[in-house]
Amino acid sequence: MRKLYFVPLLAAFVAVGCGDDNNPNQPSEITPTFQMNLLASNEVPTIVAPDPEATCAGTVTIRFNITRDASNAITAATVDFQGSITGCPTSTQITNAHIHEQVAGQNGSVKITAFTPTILSVPLVNGAGSFTRNGVPPDGTPPDLSVIQRILDNPSGFYFNIHSGGSTGHPGGVIRAQLVRTQ
Numbered sequence: 000m001r002k003l004y005f006v007p008l009l010a011a012f013v014a015v016g017c018g019d020d021n022n023p024n025q026p027s028e029i030t031p032t033f034q035m036n037l038l039a040s041n042e043v044p045t046i047v048a049p050d051p052e053a054t055c056a057g058t059v060t061i062r063f064n065i066t067r068d069a070s071n072a073i074t075a076a077t078v079d080f081q082g083s084i085t086g087c088p089t090s091t092q093i094t095n096a097h098i099h100e101q102v103a104g105q106n107g108s109v110k111i112t113a114f115t116p117t118i119l120s121v122p123l124v125n126g127a128g129s130f131t132r133n134g135v136p137p138d139g140t141p142p143d144l145s146v147i148q149r150i151l152d153n154p155s156g157f158y159f160n161i162h163s164g165g166s167t168g169h170p171g172g173v174i175r176a177q178l179v180r181t182q
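So in numbering that gives the first Met the number 0, the last one in the sequence shown is 182, and the numbering has no gaps at all.
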């Protein structure tokens, strides 16, 4: 008699395992996350003392909101940025932030713009500040979804940096880090 109790339990397990969650014909959404510590010493050229902005640092979390089709191709994507900047001189003016395509030690072209002065102002108070920007498409019209796939395939081939302006600024970038996927 005990065996008869086991059969309905096994049938329930099988039914749960065959639900729509495993349907390969349904599009899937994932949220890869990257977290980095940004340093002036990572910039190219390296920013070192006595440069007043050599003390700038920061952190950034970047999340990709990706939709894929049944063949696993990316069909839509946006990017969320959340960052902080610390240790800068009070004269530092933050101007831009981007994801660039290039390995450590080299400068590369912009692939995803987090912000520019016309999009977002990032004021620093006592050399520190923060920013959040959500729903950013990859650069280009239409958005270049192949960039997202290249980042997923090779995060260390891309870097995020923040640029500064003004008379003592670094328009090429003041703090930087290669992308590191954490999720």
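The C-beta atom is built at its ideal place from N, Cα and C for all residues, glycine as well.
For residue i, the nearest candidate out of the options (CA to CA)
{"i": "residue 36", "options": "59, 147, 43, 96", "result": "59"}
{"i": "residue 149", "options": "99, 38, 170, 48", "result": "99"}
{"i": "residue 124", "options": "41, 30, 86, 179", "result": "86"}
{"i": "residue 95", "options": "129, 66, 72", "result": "129"}
{"i": "residue 118", "options": "108, 110, 109, 132", "result": "132"}
{"i": "residue 253", "options": "143, 68, 46", "result": "Given a span of 0 to 182 for the chain in the structure shown, any question on residue 253 remains unanswerable."}
{"i": "residue 38", "options": "171, 160, 169", "result": "160"}
{"i": "residue 105", "options": "34, 113, 172", "result": "172"}
{"i": "residue 78", "options": "50, 44, 176, 30", "result": "30"}
{"i": "residue 54", "options": "107, 122, 88", "result": "88"}
{"i": "residue 93", "options": "121, 73, 74, 111", "result": "121"}
{"i": "residue 145", "options": "43, 73, 156, 44", "result": "73"}
{"i": "residue 33", "options": "147, 169, 165", "result": "147"}
{"i": "residue 63", "options": "80, 50, 51, 52", "result": "80"}
{"i": "residue 97", "options": "158, 51, 169", "result": "158"}
Residue environment, residue i, which counts as buried when at least 16 other CB atoms sit within 10 Å
{"i": "residue 141", "result": "exposed"}
{"i": "residue 57", "result": "buried"}
{"i": "residue 163", "result": "buried"}
{"i": "residue 174", "result": "buried"}
{"i": "residue 71", "result": "exposed"}
{"i": "residue 181", "result": "exposed"}
{"i": "residue 137", "result": "buried"}
{"i": "residue 139", "result": "exposed"}
{"i": "residue 47", "result": "exposed"}
{"i": "residue 102", "result": "exposed"}
{"i": "residue 113", "result": "buried"}
{"i": "residue 69", "result": "exposed"}
{"i": "residue 23", "result": "At residue 23, the pLDDT of 49 sits below 50, so the modelled position is not reliable; the number obtained from the coordinates is stated separately. Exposed is the call here."}
Contact belief for residue i with residue j at Cβ below 8 Å, rounded distance in angstroms
{"i": "residue 167", "j": "residue 126", "result": "Rounded, the Cβ-Cβ distance is 13 Å, inconsistent with contact."}
{"i": "residue 154", "j": "residue 179", "result": "6 Å"}
{"i": "residue 76", "j": "residue 65", "result": "5 Å"}
Beta-ladder partner(s) of residue i, from DSSP
{"i": "residue 75", "result": "66"}
{"i": "residue 166", "result": "Partner(s): none; residue 166 has no beta bridge."}
{"i": "residue 179", "result": "Residue 179 is not bridged to any residue."}
{"i": "residue 57", "result": "37, 84"}
{"i": "residue 45", "result": "For residue 45, which the question treats as bridged, DSSP gives no partner whatsoever."}
{"i": "residue 32", "result": "62"}
Any chain D beta carbon closer than 8 Å to residue i
{"i": "residue 67", "result": "Among the chains of the structure shown, chain D does not appear; only one protein chain is present."}
So within the region 90-163, which uninterrupted alpha helix (DSSP H) runs reach at least 4 residues, ignoring any that extend past its ends?
144-152
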